[in-house]
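Reading through the structure tokens given below for one structure.
2 protein chains.
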Amino acid sequence: MSEYVEHSPSGTSVGRVEKQFFTFAADEPLLVESGRSLGPVTLAYETYGRLNASATNAVLVLHALTGDSHAAGYYETSDSKPGWWDLMIGPGKPLDTDRYFIICSNVVGGCMGTTGPASVDPATGRPYGLSFPVITVGDMVQAQKCLIDHLGVGRLLSVVGGSMGGMQVLEWSVRYPDMVRSAVPLATTTKHSALAIAFNEVARQAIMADPAWNGGDYYDGEQPAHGLAVARMIGHITYLSDEAMRQKFDRRLQDRCEISFAFEEADFQVESYLRYQGQKFVDRFDANSFLYVTKAADYFNLESSHGCGSAVAAFAKAQCRFLVASFSSDWLYPTYQSRAMVQAMKKNGLDVSFVELEAKWGHDAFLLPNARLSGMIARFLDRAAADAAKEDARAL
Amino acid sequence: MSEYVEHSPSGTSVGRVEKQFFTFAADEPLLVESGRSLGPVTLAYETYGRLNASATNAVLVLHALTGDSHAAGYYETSDSKPGWWDLMIGPGKPLDTDRYFIICSNVVGGCMGTTGPASVDPATGRPYGLSFPVITVGDMVQAQKCLIDHLGVGRLLSVVGGSMGGMQVLEWSVRYPDMVRSAVPLATTTKHSALAIAFNEVARQAIMADPAWNGGDYYDGEQPAHGLAVARMIGHITYLSDEAMRQKFDRRLQDRCEISFAFEEADFQVESYLRYQGQKFVDRFDANSFLYVTKAADYFNLESSHGCGSAVAAFAKAQCRFLVASFSSDWLYPTYQSRAMVQAMKKNGLDVSFVELEAKWGHDAFLLPNARLSGMIARFLDRAAADAAKEDARAL
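In the order they appear, the protein sequences are chains D and L.
Taking my numbering, the leading residue of the first sequence gets 1065, the next gets one more, and so forth.
Taking my numbering, the leading residue of the second sequence gets 1065, the next gets one more, and so forth.
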């Protein structure tokens, strides 16, 4: 099949979708990596397309730091925006819902329907706050596996995600190798660098410096909005790039002809953009969840958790085919980090395709239209589906 | 003379030095670029070496964002550290105090002895706070010129500085071309990029988000220490580089063998380093001054203020010889920005030496030992001094 060689980035929408919930670990709590336990756990998730009879067409999409289960379509016809990866998921799109059954769930520790620090602790009847156990990427994946089992999928056709979603992809590939036929880690890393940790740490300090944060116990009052906004602004700088910012903003002024010689109002468009992003984020995200997901990303180290410090040893556990993509202007997870993981995969004889995509938009590029990436993902899934069909045929 | 070809980075110390003060603009206030006026103005400054009889050996050193007038030597024998550029200034060092008369003054708007927002407004008897006029790099340089006049120097042998100090160097070269024989802008830019503005804006927002900031009116109580610490942490990330952080910290843990699975204590050395830098800064720097100096850096645009938007037109006003240096891992003011300024200088037929120095330590590299940079600066000043001597001889 070569229908995707001339892949059109358009496709159509999956249309109206609904957030679903799966609750588990009520009787037997989930043991998390810190040694603590958590239960019951509810995962918010969405599915698009239909699971086929042999349950071989399921693709798990994994979201980034502050993403959610709403990857495609819309909840209400009045929604101003579709799900966060709508350009990639839908009929005729790379994650083709006419062919694949797409699953996306919100991570544990998040605040978009999945159990996290803002959830009520059944033991106390009050929100967990900081008593919520610190979560790792491994814990997120462990919870996702419960959902995949529940949905009756024995082996995923693919696991796909960028940034912290890509970390989950990597974790899936070595934690549950039998369950993963192919994997697409995008704009990601096998371990958070000191630079990436540094940005997250400053963002956390901004939240924790806000008196309203109150040691994480703020759910009866106002949330630490100032600190969370600053944290988000820091994040947004890392999602762009020097060149992206120059092209998008340069030194253009915001709604004024002259600099203000004052501090209250934004002079430059880039300042106005960051303030707006900070404010917008406060309305949709929980400050404690931000602490938890950034900590999970910082703790992520596939090499130490699965390979005693060696990436080669870690990927010795993987069995799937990989498509790895980095973006030339991504300075949060630069290409050299993807190259290192690709080398470690290859040393294990794994089937790996790797591409560094020329993109000026920095780390966020994986969320933006990119015909080359779309085509590569479409063809990659097509190959994985062909393999699955062959195996199905042999099994019959 | 070639005594510096085999330049040793050692040299000796200038020894004990004293902060001095120069007050002016008492009767006739300084008119600043915003259109407001300021007076009286006190500049804190230090000098090292002796001004020669013909006053041709004066070198003005210009400090970066949060620097001060204490560039070399020590105040007390018990001081744990010398001035911030002690490795460059002293007998036998590149800025050789046996030959040159070195002057360094704290910028207007600062908080190290020079008039700034923490100073008392004579009109009210209370600290200026935000009623202090917003200051530009041009204003800083205008005030420095008053000091240079006062010291009896008609023409500076050289103006030398890195980062925001480099901006002042560039400003000097086009604002007072008759007074500048040579100029050494290091790790700097003719205009702040959107990325650089973005980092400063987030730092300012961190300060202004701190309730203790109180609209800049906090001098009767505690200063906004939490916000200022976060602002400084952001700054410190930009002063390093991905590679520098990897070499300096990587993922090494701080005083522990295992990650903590908690938020209060630092897990990683890089977190501990940033927290320490933030705390240390709070003890020595005023939060409002941080707002003022970052704003001055953001507003800096030599091209618009001196060339109607053209760097070539701006440098048409310059007459001096330049030594421009950038650092390969500096992503705050990357080399392409230095290259652009060098091209604009060359289009005006100016005598320009340019070097991109291989350095892994990011933007801060200009403050660190670098034998190649030291040698280049020494030789460059030597040439300028030779020129000055020739002119002196002709004038006799």
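Heads up, the beta-carbon is just placed ideally off N, CA and C, and yes, glycines get one too.
These figures come from a predicted structure and were not determined experimentally.
Compare the C-beta of residue i with all C-beta atoms of chain D and state if any pair is closer than 8 Å.
i, result
"SER1098 (chain L)", "yes"
"ILE1441 (chain L)", "no"
"PRO1073 (chain L)", "Unreliable placement is indicated for PRO1073 (chain L), whose pLDDT of 46 sits below 50; the coordinate value is still reported in the next sentence. No, no contact with chain D."
"VAL1357 (chain L)", "no"
"PHE1086 (chain L)", "no"
"ALA1459 (chain L)", "no"
"THR1093 (chain L)", "Correcting the residue identity first, residue 1093 (chain L) is Pro in this sequence and not Thr. No, PRO1093 (chain L) lies away from the interface with chain D (no Cβ there is under 8 Å from its Cβ)."
"LEU1250 (chain L)", "no"
"LEU1102 (chain L)", "no"
"PRO1181 (chain L)", "no"
"TYR1397 (chain L)", "no"
"ASN1278 (chain L)", "no"
"ALA1051 (chain L)", "An answer regarding residue 1051 (chain L) cannot be provided, because it is not within the stretch 1065 to 1460 covered by chain L."
"VAL1376 (chain L)", "no"
"ARG1403 (chain L)", "no"
For residue i, which of helix, strand or coil comes out of DSSP?
i, result
"CYS1175 (chain L)", "coil"
"GLY1226 (chain L)", "strand"
"PRO1275 (chain D)", "helix"
"PRO1433 (chain D)", "coil"
"SER1077 (chain L)", "coil"
"SER1144 (chain L)", "coil"
"PRO1241 (chain D)", "helix"
"ARG1385 (chain D)", "strand"
"LEU1124 (chain D)", "strand"
"LEU1159 (chain D)", "strand"
"SER1072 (chain D)", "Note on SER1072 (chain D): pLDDT 40, under 50, position unreliable in the model; no value is reported."
"LYS1083 (chain D)", "coil"
"GLY1154 (chain L)", "strand"
"TYR1138 (chain D)", "strand"
"ASP1284 (chain L)", "coil"
"ALA1247 (chain D)", "strand"
"ASP1132 (chain L)", "coil"
"SER1169 (chain D)", "strand"
"SER1390 (chain L)", "strand"
Kindly say whether residue i, judged by its beta-carbon, lies nearer than 8 Å to any beta-carbon of chain L.
i, result
"GLN1287 (chain D)", "no"
"PHE1349 (chain D)", "no"
"PHE1327 (chain D)", "yes"
"ALA1262 (chain D)", "yes"
"HIS1290 (chain D)", "yes"
"SER1257 (chain D)", "yes"
"MET1243 (chain D)", "no"
"ASP1274 (chain D)", "yes"
"ARG1418 (chain D)", "Before going further, note that residue 1418 (chain D) is Phe rather than Arg in the sequence given. Judged by the 8 Å Cβ criterion, PHE1418 (chain D) is not in contact with chain L."
"VAL1172 (chain D)", "no"
"GLU1110 (chain D)", "no"
"GLU1335 (chain D)", "yes"
Taking the alpha-carbon of residue i as reference, which of the options has the nearest alpha-carbon?
i, options, result
"THR1111 (chain L)", "L:VAL1125, L:LEU1317, L:ARG1458 and L:ALA1457", "L:VAL1125"
"MET1405 (chain D)", "D:TRP1395, D:SER1392 and D:VAL1376", "D:VAL1376"
"LEU1317 (chain D)", "D:ASP1306, D:PHE1332 and D:PHE1325", "D:PHE1332"
"SER1324 (chain L)", "D:MET1243, D:SER1098 and D:GLY1291", "D:SER1098"
"LEU1304 (chain D)", "D:ALA1135, D:LEU1220, D:LEU1396 and D:GLY1202", "D:LEU1396"
"MET1440 (chain L)", "L:PHE1418, L:GLN1208 and L:GLN1287", "L:PHE1418"
"ILE1167 (chain D)", "D:LEU1151, D:VAL1123, D:PRO1186 and D:ALA1207", "D:VAL1123"
"HIS1427 (chain D)", "D:GLY1291, D:SER1402 and D:ASP1451", "D:SER1402"
"ALA1378 (chain L)", "L:GLN1407, L:LEU1355, L:LEU1432 and L:ALA1442", "L:GLN1407"
"ALA1135 (chain L)", "L:GLY1180, L:VAL1081 and L:LEU1094", "L:VAL1081"
"SER1392 (chain L)", "L:ALA1207, L:TRP1425 and L:LYS1410", "L:TRP1425"
"THR1179 (chain D)", "D:LEU1102, D:TYR1282 and D:ALA1293", "D:LEU1102"
"ARG1239 (chain L)", "L:ARG1219, L:VAL1205 and L:ALA1262", "L:VAL1205"
"ILE1271 (chain D)", "D:THR1358, D:ARG1447 and D:ARG1458", "D:THR1358"
Give the interface partners of residue i over in chain B, defined as CB-CB distance under 9 Å, in chain order.
i, result
"ASN1365 (chain L)", "No chain B is present in this structure, whose protein chains are D and L."
Which full runs of the beta strand (DSSP E) of 3+ residues lie inside the stretch 1088-1117 of chain D, going along the chain?
-> For the stretch 1088-1117 of chain D, whole beta strand (DSSP E) runs of length 3 or above, ordered along the chain, are 1105-1112.
Uninterrupted alpha helix (DSSP H) stretches inside the stretch 1312-1381 of chain D (no shorter than 4 residues) | Segments of the alpha helix (DSSP H) lying fully in the stretch 1312-1381 of chain D: 1333-1348, 1351-1363, 1366-1371 and 1375-1379.
At what residue ranges does the stretch 1392-1427 of chain D contain a whole run of the alpha helix (DSSP H), taking only runs of 4 or more?
-> Correct list: 1399-1411.
Whole beta strand (DSSP E) runs in the stretch 1188-1229 of chain L with 3 or more residues, listed along the chain?
-> Taken in chain order, the complete beta strand (DSSP E) segments of 3 residues or longer contained in the stretch 1188-1229 of chain L are 1222-1226.
Are the stretch 1408-1422 of chain D and the stretch 1086-1094 of chain D touching by the rule of at least three beta carbon pairs closer than 8 Å?
-> Under the 8 Å Cβ criterion, the stretch 1408-1422 of chain D does not count as touching the stretch 1086-1094 of chain D, having fewer than three qualifying pairs.
Cβ contact (3+ pairs, closer than 8 Å) linking the stretch 1291-1298 of chain L and the stretch 1267-1279 of chain L = Contact between the stretch 1291-1298 of chain L and the stretch 1267-1279 of chain L is present: three or more C-beta pairs spanning the two stretches fall below 8 Å.
So does the stretch 1138-1147 of chain D actually touch the stretch 1197-1213 of chain D, counting three or more Cβ pairs closer than 8 Å?
-> Two segments are said to touch when three or more pairs of C-beta atoms, one from each, lie closer than 8 Å; by this definition the stretch 1138-1147 of chain D does not touch the stretch 1197-1213 of chain D.
With a cut-off of 8 Å, do at least 3 Cβ pairs link the stretch 1142-1157 of chain D to the stretch 1208-1219 of chain D?
-> Contact between the stretch 1142-1157 of chain D and the stretch 1208-1219 of chain D is absent, because fewer than three Cβ pairs lie under 8 Å.
Just checking, does the stretch 1359-1366 of chain D make contact with the stretch 1248-1255 of chain D on the three C-beta pairs under 8 Å criterion?
-> With a cut-off of 8 Å, the stretch 1248-1255 of chain D and the stretch 1359-1366 of chain D count as touching, because enough Cβ pairs lie within range.
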